[in-house]
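A.B. asks:
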Amino acid sequence: VNELVTWMADWRHAAPTAVVFVLAPSLLIRLVIRAWPRGDPRRPELLAEFAAIPVPKRLMWVLGVFELAWQEGLPQRREQSVLWPNPRRLPGGVWFGAIAVDVIGIAVVDSRMTQVSFAISALSMLPATVWHVRATYAFADETAGLAEDMANLTKHLEAESLRTPDAWTDATARVAIDARKPLGAPVPHLRELAQAVIDDANRQYVERLTEQYQREMQQIWRDFDEKTNMIEAQLIEDLEREGADEATIATCVGSHRLHVASVRPAR
Amino acid sequence: MRLTNATVQVVLALLDDTVDVHYGYDLGKRARVRTGVLYPILQRMLQEGWLEDHWEDVDASRGRPPRRYYTVTDAGRYHLVGMSEQARVDERFAALIGFVGA
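Quick mapping for you: the protein sequence lines, in order, are chains A and B. In short: position in the first sequence from 1, add 7, done, that's my numbering. In short: position in the second sequence from 1, add 202, done, that's my numbering.
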């Protein structure tokens, strides 16, 4: 220790001393706090603590923060990040950790939380990535690029379809994507996702129309049966009043029923 | 919360009546625990409701980033005192009692 202190006290060693004890800890702490998710109070807290620590002790303290980042920051970051266990390669794409960028600039990210794949713009991904670890272990926030992507998807849906249901929102689009994207399935691009949602909406529209038609037809059948029964009852009453015998009544009722069957709406 | 050397050291430092509000570095120094041990303990105590946190006034921080201060809640004091009493009668922690907060 004495030799180190003597070495540091030499003015010729001022530059390396400043680098090791002043610049390096300052850079390291700014780097290591990025292990915590954006907005986590631990980030500003550790920066404030760092400022309060005497300069000679800062390097060792920062090394201790690495331990904390490993135990506390990285697990949180992993929970909130969009990473996937089975990277898939796009044709012509280049993978940077969890992000694949293909030749047309689409990044593919799988979400660990929602078990869903997204094809999103690589440019919209960039602000959400952590620059210093991107090459080896890319992190992205849960909603990285997704809000913009969902807005584009909604716009695309509205432009493509004349029958836009009122309930089409970012949330329903997201649910629609979730429903049809189990982990490990091929990654569709935005256009395919949009088409899938449109097909789904059209199918639902046809189903709603069919249900409505069936409800209306059932009402028509009920009304028809009710009226023909009333007519039949009136016919029997009139025949009985005129003194017709049972055979005549049965013949007339049979004739009436045949006529009803011929004009009854088909089921 | 399980009683360990580190927990007891932090508990005793938090119960130091001469300090109104605590912050990480100072607390770690007084409790003599590593950064990697101190903050997870504080986090658990925050989650249990034994501690409350607040940020230092920007005016008071005099140019540096505002500190995150921790204060012991009434419920926290009740539990922390209980833990310190447990530690005092536990031989495993006999060596620890007496130096923290001094």
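Note that CB positions come from ideal geometry on N, CA and C, so glycine has one too. These numbers were taken from a predicted model, which means no experiment stands behind them.
Below 8 Å CB to CB, which residues in the same chain sit around R270 (chain B) once its five sequence neighbours on both sides are set aside?
C.D. replies: Closer than 8 Å at Cβ, skipping near neighbours: Y225, G226, D255, H256, W257 and E258.
A.B. asks: Listed in chain order, which residues of the segment 233-255 of chain B have Cβ atoms closer than 9 Å to some Cβ of chain A?
C.D. replies: R236, T237, G238, V239, L240, Y241, P242, Q245 and D255
A.B. asks: With 16 other CB atoms within 10 Å as the buried threshold, where does T237 (chain B) fall?
C.D. replies: buried
A.B. asks: Within the chosen definition, does the segment 271-280 of chain B reach the segment 203-215 of chain B through at least 3 CB pairs nearer than 8 Å?
C.D. replies: no
A.B. asks: To the nearest angstrom, report how far apart R271 (chain A) and S262 (chain A) are at their CA atoms.
C.D. replies: 14 Å
A.B. asks: Can the beta-carbon of I36 (chain A) be found closer than 8 Å to that of V72 (chain A)?
C.D. replies: yes
A.B. asks: Are the beta-carbon atoms belonging to R266 (chain B) and A59 (chain A) less than 8 Å from one another?
C.D. replies: In this structure, A59 (chain A) lies closer than 8 Å to R266 (chain B) by Cβ.
A.B. asks: Which whole-angstrom value is the C-beta distance of P51 (chain A) and Q83 (chain A), which I expect to be below 8 Å?
C.D. replies: About 15 Å separates the beta carbons of P51 (chain A) and Q83 (chain A), which is beyond the 8 Å limit, so they are not a contact pair.
A.B. asks: Taking Cβ positions only, does L35 (chain A) come closer than 8 Å to chain B?
C.D. replies: Output row for L35 (chain A): interface = no.
A.B. asks: Quick one, which of B:V239, B:A277, B:L248 and B:V223 has its alpha-carbon nearest T206 (chain B)'s?
C.D. replies: B:V239
A.B. asks: Can a CB atom of chain B be found closer than 8 Å to the CB of A21 (chain A)?
C.D. replies: It does not; no Cβ of chain B falls within 8 Å.
A.B. asks: Among residues of its own chain, excluding the 5 on either side of G230 (chain B), which ones have a beta-carbon nearer than 8 Å to its beta-carbon?
C.D. replies: Within the same chain, G230 (chain B) has close Cβ partners R236, T237 and L240.
A.B. asks: When you compare the CB of Y272 (chain B) with every CB in chain A, is at least one pair closer than 8 Å?
C.D. replies: no
A.B. asks: Can you list, in chain order, the residues of its chain with a C-beta nearer than 8 Å to that of D292 (chain B)? Leave out the 5 residues immediately preceding and following it.
C.D. replies: Cβ-Cβ distances below 8 Å link D292 (chain B) to L205 in the same chain, with the five nearest sequence neighbours on each side left out; the list follows chain order.
A.B. asks: With distances taken from CA atoms, which of A:H266, A:E239 and A:S269 is nearest I256 (chain A)?
C.D. replies: A:E239
A.B. asks: Leaving out five residues on either side along the sequence, give the residues of the same chain with a beta carbon under 6 Å from the beta carbon of V69 (chain A).
C.D. replies: So the list reads P32, L35 and I36, once near-sequence residues are dropped.
A.B. asks: For the putative contact between V267 (chain A) and T235 (chain A), defined by C-beta atoms under 8 Å, what is the C-beta separation to the nearest angstrom?
C.D. replies: 5 Å
A.B. asks: My output table needs one value for D219 (chain B): the three-state DSSP class, helix, strand or coil.
C.D. replies: DSSP places D219 (chain B) in the coil class of the three-state scheme, outside both helix and strand.
A.B. asks: What separation, rounded to the nearest whole angstrom, lies between the Cα atoms of D232 (chain A) and R264 (chain A)?
C.D. replies: 11 Å
A.B. asks: Can you check which of these residues, A:L81, A:V29 and A:G46, is closest to F57 (chain A) by C-alpha distance?
C.D. replies: Taking only the C-alpha atoms, the option nearest F57 (chain A) is A:V29.
A.B. asks: Note down, in chain order, every chain A residue with its Cβ under 7 Å from the Cβ of G226 (chain B).
C.D. replies: Here the neighbours are E52 and E56.
A.B. asks: List the residues of chain A that R269 (chain B) touches, going by C-beta distances under 8 Å, in chain order.
C.D. replies: E52, A55, E56 and A59
A.B. asks: Quick check on R204 (chain B): does DSSP put it in helix, strand or coil?
C.D. replies: R204 (chain B): coil per DSSP, three-state reduction.
A.B. asks: Measuring alpha carbon to alpha carbon, tell me which residue in A:V26, A:E10, A:E74 and A:A22 is nearest I40 (chain A).
C.D. replies: Check the Cα spacing between I40 (chain A) and each of A:V26, A:E10, A:E74 and A:A22: the tightest is with A:E74.
A.B. asks: Can you grab the Cα-Cα spacing for the pair A289 (chain B) / H281 (chain B), in whole Å?
C.D. replies: 12 Å
A.B. asks: Express the C-alpha separation of T13 (chain A) and H20 (chain A) in angstroms, rounding to a whole number.
C.D. replies: 10 Å
A.B. asks: So, with DSSP's three-state summary, where would you put R269 (chain B)?
C.D. replies: Coil at R269 (chain B), not helix or strand.
A.B. asks: Hey, would you say P268 (chain B) sits closer than 8 Å to A55 (chain A), going by beta carbons?
C.D. replies: yes
A.B. asks: So which residues on chain A does R266 (chain B) lean against when the C-beta distance must stay under 8 Å?
C.D. replies: A55, A58 and A59
A.B. asks: Just how far apart, CA to CA, sit E287 (chain B) and L216 (chain B)?
C.D. replies: 14 Å
A.B. asks: Can you tell which of B:R234, B:I299, B:R264 and B:G278 has the C-alpha that lies nearest to the C-alpha of Q249 (chain B)?
C.D. replies: B:G278
A.B. asks: In terms of DSSP beta bridges, what is V274 (chain B) paired with?
C.D. replies: B:L253
A.B. asks: Given a cut-off of 8 Å, decide if P242 (chain B) and Q219 (chain A) are closer than it, judged by their beta-carbon atoms.
C.D. replies: no
A.B. asks: Tell me where the alpha helix (DSSP H) around F57 (chain A) begins and ends.
C.D. replies: R49 to A59
A.B. asks: Using 10 angstroms around the beta-carbon of L216 (chain A), count the other beta-carbons present and answer buried if the total reaches 16, otherwise exposed.
C.D. replies: Note on L216 (chain A): under 16 other CB atoms within 10 angstroms of its CB, so exposed under the neighbour-count rule.
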